[in-house]
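According to the numbering used here, the sequence shown is numbered sequentially starting from 832.
Using N, Cα and C, we set each Cβ at its ideal position, and we do this for glycine too.
Data first, discussion second: the structure below is written as structure tokens.
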Amino acid sequence: MNNNKRSQARSSPINRPNPHWRLRWLALGLGLLVLGMVMASTQAPGQPSPRQTALPSGAPLEHRQLALPERPQAQRRATAGTAEPAQRRALAWRELVVERGDALARLLREAGVAQPTIHALVRARPHGAALSRIRPGDRIRLALDGAGSVQRLVLQRQPDRRLVFNREADHFASARVHTPLERRLEHASGVIDESLSAAGGRAGLSDGLITDQHVRDGAIVAAEFVNRGERHRAVRYTDHDGAAAYFAPDGTSMRKAFLRTPVEFTRISSGYGQRYHPKLGRMSNHHGVDYAAAPGTPIRATGSGRIAFRGRNGAYGRFIVIRHGERYSTAYGHMRGFASGRRTGSRVSQGDVIGYVGNSGRSTGPHLHYEFRVNGAHKNPLRVSFPPMDTIPSSQRVAFDEKAQPRLAMLDTLARTFAALDR
């Protein structure tokens, strides 16, 4: 499902797919139930100028079971006829997706745009210079007339913001367009079979939303996980200093000091401890865990700290070590490359991308070698106990309860609805 289809799914009338589906977590042989509520920012169809609205805590909850499509696959050069206003239906639209290493001139030339047209676009006032600074993930839509000449270019960086370039005689005029968004409280539910990311994707949640990155979808405001009959709940709370985090109903932080895994992986190719080394041809002690993943998969810091080492380190290839205070450190090896701005001495926050999966050093295939150390001693990253983060301070407990209780009540409603649909 592409982004356009996902937007339609969020703002369309209630869709009721067959609720009787089953998935299994193949790795562990158990199922997990996921219930979540999301503050979603969408543009409602048929409304030329939607407005910002705040949902009161007592507002009725709209129930919806979202379809579970396959996870979207990014396409390098996708062309499609897109519905446009009547005055532009004679134009053919083509969409380009910017990838790492792309330059505007080469990208447009590959799409058949003439060099004089490219020059005219980057000279367009007042936003031509911004067009030349494209970034991975940007979408460029070209409107071509019957002769193949560019009549309009739209650069989309965020769902509600875009740069529009229109041909006017011998030049292009440019404008920045902002689309007001309407805020809605929505929910999604499903059963995890392989990973939270995959299940969330099928339920209509983006990767950034699942991992609590800042995206236009909005934040998850409450969630529930049921594991072997044991229920775990979390609500989002923003403290008096403006910092947002997730807490259990009793005020205990849901975020540990460290993430358990630093990468979205396909399998663990080598565990911690004694193993037969495929390169050395003998048994050796493996001080970390190897996560097999596709080349270029982002690697994230499992905890906040400061980069103590960044560079090549013999058999580890491209290697990063992060110190997390005086006691803890983590290490990441065999990277294909380092993320921009990640240097020795740089501070990183938990979840920040620090590099990309590769095959550098003494490696038999693309994977991440990950180590966890306590006072310099290696520990099994899959079993080590992590220290918890802070709890809600007593001075903010009343404010937390006022925010949490309505959301927990909504989760109760969702749980009952899901159970009824699942019969």
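Looking only at its own chain, which residues have a Cβ that is under 8 Å from the Cβ of residue i, when we skip the five neighbours before and after it?
{"i": "residue 1008", "result": "992, 993, 994 and 995"}
{"i": "residue 981", "result": "944, 948, 952, 973, 974, 975 and 998"}
{"i": "residue 1125", "result": "1097, 1188 and 1197"}
{"i": "residue 1144", "result": "1150, 1164 and 1192"}
{"i": "residue 1174", "result": "1138 and 1141"}
{"i": "residue 942", "result": "908, 925, 927 and 973"}
{"i": "residue 921", "result": "976 and 977"}
{"i": "residue 1104", "result": "1116, 1117 and 1211"}
Roughly how many whole angstroms lie between the Cα atoms of residue i and residue j?
{"i": "residue 998", "j": "residue 970", "result": "19 Å"}
{"i": "residue 1178", "j": "residue 1077", "result": "23 Å"}
{"i": "residue 1194", "j": "residue 1203", "result": "19 Å"}
{"i": "residue 1053", "j": "residue 1208", "result": "37 Å"}
{"i": "residue 911", "j": "residue 923", "result": "Here the model assigns residue 911 a pLDDT of 37, short of 50, so the residue's position is not dependable and the matter cannot be decided."}
{"i": "residue 989", "j": "residue 1238", "result": "28 Å"}
{"i": "residue 853", "j": "residue 1148", "result": "Confidence is the limiting factor: at residue 853 the pLDDT is only 34, short of 50, which leaves the residue's position unreliable and the question unanswerable from this model."}
{"i": "residue 967", "j": "residue 1169", "result": "16 Å"}
{"i": "residue 1180", "j": "residue 1000", "result": "50 Å"}
{"i": "residue 927", "j": "residue 979", "result": "16 Å"}
{"i": "residue 1106", "j": "residue 1210", "result": "16 Å"}
{"i": "residue 925", "j": "residue 1127", "result": "27 Å"}
{"i": "residue 1109", "j": "residue 1115", "result": "10 Å"}
{"i": "residue 1102", "j": "residue 1113", "result": "16 Å"}
{"i": "residue 1184", "j": "residue 1132", "result": "6 Å"}
{"i": "residue 957", "j": "residue 1010", "result": "19 Å"}
{"i": "residue 1160", "j": "residue 1213", "result": "15 Å"}
{"i": "residue 931", "j": "residue 1171", "result": "12 Å"}
{"i": "residue 1079", "j": "residue 1176", "result": "34 Å"}
{"i": "residue 1071", "j": "residue 1061", "result": "32 Å"}
{"i": "residue 1122", "j": "residue 1094", "result": "8 Å"}
{"i": "residue 937", "j": "residue 959", "result": "16 Å"}
So residue i and residue j are in contact, right, with Cβ under 8 Å, and what is the actual spacing, rounded?
{"i": "residue 1130", "j": "residue 1187", "result": "6 Å"}
{"i": "residue 935", "j": "residue 965", "result": "5 Å"}
{"i": "residue 1141", "j": "residue 1206", "result": "Actually they do not touch by this definition, with Cβ atoms about 22 Å apart."}
{"i": "residue 1119", "j": "residue 1200", "result": "5 Å"}
{"i": "residue 1242", "j": "residue 1064", "result": "6 Å"}
Please go through the same chain and pick out, in chain order, the residues whose beta-carbon is closer than 7 Å to the beta-carbon of residue i, but skip the five residues on each side of it.
{"i": "residue 1087", "result": "1217, 1219 and 1220"}
{"i": "residue 954", "result": "none"}
{"i": "residue 961", "result": "994"}
{"i": "residue 986", "result": "962, 969, 971, 993 and 994"}
{"i": "residue 939", "result": "949"}
Using C-beta distances below 6 Å, list every residue in its chain close to residue i, excluding the 5 sequence neighbours before and after it, in chain order.
{"i": "residue 1083", "result": "1222"}
{"i": "residue 1003", "result": "951, 952, 955 and 996"}
{"i": "residue 1091", "result": "none"}
{"i": "residue 929", "result": "965, 967 and 969"}
{"i": "residue 933", "result": "none"}
{"i": "residue 1136", "result": "1153, 1154 and 1155"}
{"i": "residue 1006", "result": "995"}
Inter-stretch contact at 8 Å, needing at least 3 Cβ pairs: the segment 1228-1243 / the segment 1151-1171: Touching, no, given that fewer than three Cβ pairs across the two stretches are closer than 8 Å.
Any 3 or more C-beta pairs closer than 8 Å across the segment 1098-1107 and the segment 1164-1178: Because the criterion of three Cβ pairs below 8 Å is not met, the segment 1098-1107 and the segment 1164-1178 do not touch.
Whole runs of the beta strand (DSSP E) within the segment 1139-1169, excluding any shorter than 3 residues: Complete beta strand (DSSP E) runs here, min 3: 1149-1155 and 1159-1169.
Segments of 4+ residues assigned as alpha helix (DSSP H) that fall wholly inside the segment 932-963: The qualifying runs are 935-941, 946-953 and 959-963.
Minimum length 3: unbroken beta strand (DSSP E) runs contained in the segment 1198-1236: For the segment 1198-1236, whole beta strand (DSSP E) runs of length 3 or above, ordered along the chain, are 1198-1205 and 1208-1210.
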